[in-house]
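To keep things clear, I will list the structure first and then write my remarks on it.
Residue numbers (UniProt numbering), protein chains in the order written: chain U, 1 to 666; chain L, 1 to 666.
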């Protein structure tokens, strides 16, 4: 059951799609105080587990740390980071009392989950203007499903988007992108997408391509003939440049965010000084969304929206202050404090709170200060794109995902988890985020495989790909000036071909589980606790996940490891994809196991009495041969396969589903 | 067997104490090239494991990454960091061919251990002036023991230094330090040392105390009556201040590092602008070492040497350049590139390579550019202290450890592993460094328990203490402006009392194993591979260690975990120190186990047929009651206990050792 409590005057975020009348009185869990802003406290018992928060740091169980919803362009996802790119304010306490809480509040909100005091959950924010939804149910899984239903159906990606994609900040010329495509095809490593980071644009101007592309539609078409889609990036900031029509239109129509004095707010990002489209204004949102047509007209079928926290490198006001401070510094005999102060001011130019507090949105004719609705920007930029693309092609799905997000955005696009690093710990962080993201409606998601920042290594990329095999978005992406990390850059390319090949063999299953989860408001990735809530060991597992209804995954995430420990909450079938293409199936009893996993193998576990579909490896999604479909797993089991054309939006769960039966093993 | 190969004109680092004639020809392993600097390459087989490198990042097995010996004041020990505070150039390849290599080279040296190519070990440096020692033996452990003998006996700490210590950057006044001592005593949490970080000094001037202390000897004495030793920090930089005698003497005697023009080199550190004592000059070293007497005369019995990479915040030359750049920046219409360039220049002031290349040492009358001997500074600052303290008290040991080091320094003091963070991953990094450090002679060592940077949590500190229970240096240390992390800051102080109490119960064993390792050039902490080289699983274990000859440790290092997996290479006795003071002993068979470990328990494993001594918990080392000694572990086993007065330097392994026999269990 869901009860809604309204405090003050909440901003209408439109994150919830079902209507709820506000309840009177106080929620039955915890204590609420409204003296200084809003505060919710709840006494945690030793055995309580806390789930949720979507794209947040640390564990599946969020206990023992603090998380601050304050969408941030911070590429350093260290253990101590409180804020990432998203605000996913849904949390579940599971224990003596089990309940879910959704705080629909678009500004900074802190979740102290047994961080200050190990036995206290404390959730607070500055202004007591919010809707609080309290969801009760038997178990966290049940509560999650109620929540998911309340926030509306998740975005559904086209089928090609379940293939593998290669990306790198640094590809610039037409030759660069073609070279990547060719190298993959030459080496017979499957691939469906090549991503275009900022350098494909003309001077970082949104909805342009640089002049080297000449006939861009033809260029797009040529790659598509080879079953490779180009997926360009779109940034939040619109370059200030005379003659650039998007800029000129936006200024003319008052579609950009404002300063307090009504002038257009200016912030430097990749193109230099820019304006931000005021995506909280429905007219501006519609206008911005329509612009994607320039690229869909050229044959583009997918986009990623970036820098939409929005990230700010600096503002003219910030630089002016820095220059003043520099003048004073220059005239001084410097002390350590002086040097550190000027350093702090220069490094503090980026994503500065003062800048966010001097930017305004036009909401129904009223000026709303940006910092009070900060966490809605990426959501509404992607909503602009999602709504625009639906206008442009009402019948056809488009690939769309975003860096920044808020709950509600899951209806319009997926997310990638931002600028991670080539760190082994980030494989595990990738895994831990998946069920939390699914709880919040984000199904189409994945991390930058191999790591975005820092230099990757061959083994790190292989191990990360062996997790990426299972994530809907499977993309290798890296940062300029790091080691090149396309699969063909390393020794023994056959190992990469094999691992990514396993992905393609599994696409019928992954796509089917994704679609069923999306169409029934269910999770695709679940913590073991959601399936085995009575199994104390399962509840504590933080490095294995249930994927759909049939399998459990347990990737290796430590360097030089020959394998890993796996806990089986019930007897399961270990499936091993060997480098020679063979598939080994071994039934293993419930309990603890050490499972050896060589660098060039993928393993998964099929639940007792179940089976999954598998096809022959293909080099792209279009070429998957469904006639090669076989079922692996337990004999005499059945699987409910969802499949459709992969491109239209006319979803029909019943019509697109068949029951497959695995006969006796030979 | 050890062979020495000399290339060019090596700088005499005095890291090796045994004389070796240089061999002719080439080493029998790998390929050496001398065309551009020095390069050693060796083809790694899949099964080769690589050990060593002391205080370095990542695993016990160093494969799959790059490590650069270039002593650096970098408090961000991320997975991608190549250089920490130390240069420990000893490495062992274990596999089809097994051999050790020691590169006695005091400047930047790169170990590419299967990083660029997964099958290649590549070790290189800019100048081909070095001694290479090639050590052959049956196994890595045997090679390590030969190496340890060659570099001389490890530093031996006084017994009180095996107690627990509390530290924090931020304690300043006499009241601050006393308050810490009192809080520990009031709460009956055992403690022996309170550390004094930089604020105890008068304006950060080495060998001074701030005026608030008034009668410092009396102050020191009062705490000592309560069995608490104060351990002050000494920094590398000597403040430039008229009337400060250390500064004035150094200038007068030409004992400071120079610029190329012969003037004293100037660098800003905590005190503002300073000079660095030229510790490569034996006269200057002697002079600096004698200064410690000012504090030993006040009753001080221990020191930590810091900032001795040496860290540089900035130099006048660097600031002058920055000011010029600022002037140009101020006059420009800023672009993104302009802002980033000035930001890079300001942040690049610290630990700048150009500064290290403009500083000089006086070595036998010759000017030696600092960057060519950079990695020797911390070593020789601590050598100055070690030699000075031996002069001051020839018969009495003094506690001494350093941040920066080079092999050779292990004879003069220990090390702590620098400015880590309150991260769970740094518990594991702490553990992984221990055997590598022991290989390189560093026995007295430990990490900042609870983490130096960032905010700790109660559970993190408890779990980290449960590892620190076993490290010779057991110190809780934290950074200014982070959450206070003395044990009494948290709920349920009894849990901290218990965990640290276990340390005191184990001191007879830890001290005995430490002393035996030091006096026989052995390791105290070993990888499992060193004891069970034929056990493939044991060779791959990276989160358990052998401690001495009797026990194996396996601490919990993940948040919210109810326990952990442990691999037993043979049957062992699980010993569980329960919060009620009881000790549970359970024999467990060889193999894989999941062992539950509540937050307030410490576990260890006793090897088959062995036993260890245990005493009653005491609140300080002085009050340990050796009459309460009992043996736990296997019946009919024996233990060789080393014990001595703990303070004199007249070590006698034979005279100080007794054999204890554990009788039949009742």
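Where a beta carbon is used, it is the ideal one built from N, C-alpha and C, also for glycine.
Partner residues on chain L for residue i, Cβ-Cβ distance less than 8 Å
| i | result |
| --- | --- |
| residue 342/U | 346 |
| residue 335/U | 272 |
| residue 330/U | 323, 326 and 327 |
| residue 319/U | 334 and 339 |
| residue 58/U | 559 |
Contacts of residue i in chain L (Cβ-Cβ under 7 Å)
| i | result |
| --- | --- |
| residue 594/U | 592 |
| residue 458/U | 118 |
| residue 549/U | What residue 549/U touches in chain L: nothing, since even the nearest Cβ is about 26 Å away. |
| residue 63/U | 560 |
Contacts that residue i makes with chain U (C-beta to C-beta distance below 9 Å)
| i | result |
| --- | --- |
| residue 454/L | 78, 79 and 80 |
Collapsed DSSP secondary structure at residue i in the structure displayed
| i | result |
| --- | --- |
| residue 235/L | strand |
| residue 576/U | strand |
| residue 87/L | strand |
| residue 539/U | helix |
| residue 479/L | coil |
| residue 112/U | strand |
| residue 150/L | helix |
| residue 448/L | strand |
| residue 173/U | coil |
| residue 374/L | helix |
| residue 607/U | strand |
| residue 314/U | strand |
| residue 128/U | coil |
| residue 189/U | coil |
| residue 412/L | coil |
| residue 268/U | strand |
| residue 240/L | coil |
| residue 554/L | coil |
| residue 390/U | helix |
For residue i: DSSP bridge partner residues
| i | result |
| --- | --- |
| residue 353/L | Looking at the DSSP assignment, residue 353/L forms no beta bridge with any residue, so it has no partner. |
| residue 305/U | 234/U and 402/U |
| residue 595/U | 564/U |
| residue 362/U | 367/U |
| residue 630/L | 614/L |
| residue 453/L | 421/L |
| residue 195/L | 231/L |
| residue 658/U | 641/U |
Interface residues of chain U facing residue i [CB-CB closer than 7 Å]
| i | result |
| --- | --- |
| residue 117/L | 491 |
| residue 447/L | None at all; the shortest Cβ gap to chain U is about 15 Å. |
Chain-order list of residues whose beta-carbon lies under 7 Å from that of residue i (same chain, five-residue window excluded)
| i | result |
| --- | --- |
| residue 219/L | 174 and 213 |
| residue 350/L | 312, 313 and 314 |
Sequence-distant residues of its chain with Cβ nearer than 6 Å to residue i (five each side left out)
| i | result |
| --- | --- |
| residue 290/L | 388 |
| residue 306/L | 233, 235 and 403 |
| residue 114/U | 44, 63 and 64 |
Partners in chain L for residue i, counting only beta-carbon separations shorter than 9 Å
| i | result |
| --- | --- |
| residue 554/U | By Cβ distance, chain L contributes nothing, its closest Cβ being about 13 Å from residue 554/U, past 9 Å. |
| residue 313/U | 336, 339 and 340 |
Contacts around residue i, its chain only, beta-carbon distance under 8 Å, and the 5 residues preceding and following it disregarded
| i | result |
| --- | --- |
| residue 562/U | 596, 597 and 598 |
Please list the residues of the region 169-193 of chain U that have a C-beta atom closer than 9 Å to any C-beta atom in chain L, keeping them in chain order. For the region 169-193 of chain U, there are no residues whose beta carbon sits under 9 Å from a beta carbon of chain L.
Contact list for the region 346-372 of chain L against chain U, Cβ threshold 7 Å: Listed in sequence order: 346, 347 and 349.
What residues in the region 416-434 of chain L have a beta carbon less than 8 Å from any beta carbon of chain U? Look at the region 416-434 of chain L: the residues with a C-beta under 8 Å from a C-beta of chain U are 421, 422, 423, 424 and 425.
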